[in-house]
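Below you'll find the structure, written out as structure tokens, and then a few comments.
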Amino acid sequence: MKSMEDAVEILRRLGLTDYEARAYVSLLSLGGASASEIYRTSGIPYSRIYGILSRLRERGWVEVRGGRPARYAARPPAEALKIFLADEERRLRRMADEAVKRLERMGSRADVGKPDVWIIRDPAGVL
-14 MKSMEDAVEI LRRLGLTDYE ARAYVSLLSL GGASASEIYR TSGIPYSRIY GILSRLRERG
46 WVEVRGGRPA RYAARPPAEA LKIFLADEER RLRRMADEAV KRLERMGSRA DVGKPDVWII
106 RDPAGVL
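In this text, residue positions in the sequence shown follow the working numbering: the first is -14, and each later residue adds one.
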């Protein structure tokens, strides 16, 4: 189905793995589902499905509903993307703060005790 592949590609560009994107899109189309139902519709190997669903839950894309077997539900896309954007913003702010600290330390060491050096190659420039 073309629209499913387009949705998977968009999610991959946002940073989800192929399996994570496929699991999320499958869950959206199924509503609530067990891991085995997601495995059958998404094409993800059964040995990987629980790990993928666990990562999606940790990242806020999926909710786990009780029962035996456990049932999974995709958060609404707007809600999942809001959580994703907030997490990415926090991650980028931490990286930027760390970069500023390191770069400022480098800059403060570079200015200490370095004399100005001029290189003049043309004798007319000296005059």
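Ideal Cβ placement from N, Cα and C applies to all residues, glycine included.
Measuring straight from C-alpha to C-alpha, what distance separates residue i and residue j?
i, j, result
"proline 61", "aspartate 72", "17 Å"
"arginine 76", "glycine 45", "15 Å"
"arginine 90", "aspartate 101", "21 Å"
"serine -12", "glycine 92", "50 Å"
"valine 49", "arginine 42", "7 Å"
"alanine 81", "arginine 87", "10 Å"
"glutamate 74", "threonine 26", "32 Å"
"glycine 51", "alanine 63", "24 Å"
"tyrosine 31", "valine 47", "18 Å"
The beta strand (DSSP E) spanning residue i covers which residue range?
i, result
"glycine 17", "17 to 19"
"alanine 59", "56 to 59"
So, using beta-carbon positions, are residue i and residue j closer together than 9 Å?
i, j, result
"alanine 58", "glycine 28", "no"
"alanine 20", "proline 54", "yes"
"isoleucine -5", "serine 11", "no"
"alanine 6", "alanine 18", "no"
"phenylalanine 69", "leucine 13", "no"
Quickly, what does DSSP pair residue i with across the bridge? List them, please.
i, result
"valine 49", "Tyr57"
Over the uninterrupted alpha helix (DSSP H) stretch that includes residue i, give me the two end residues.
i, result
"aspartate -9", "-13 to -1"
"glycine 36", "31 to 43"
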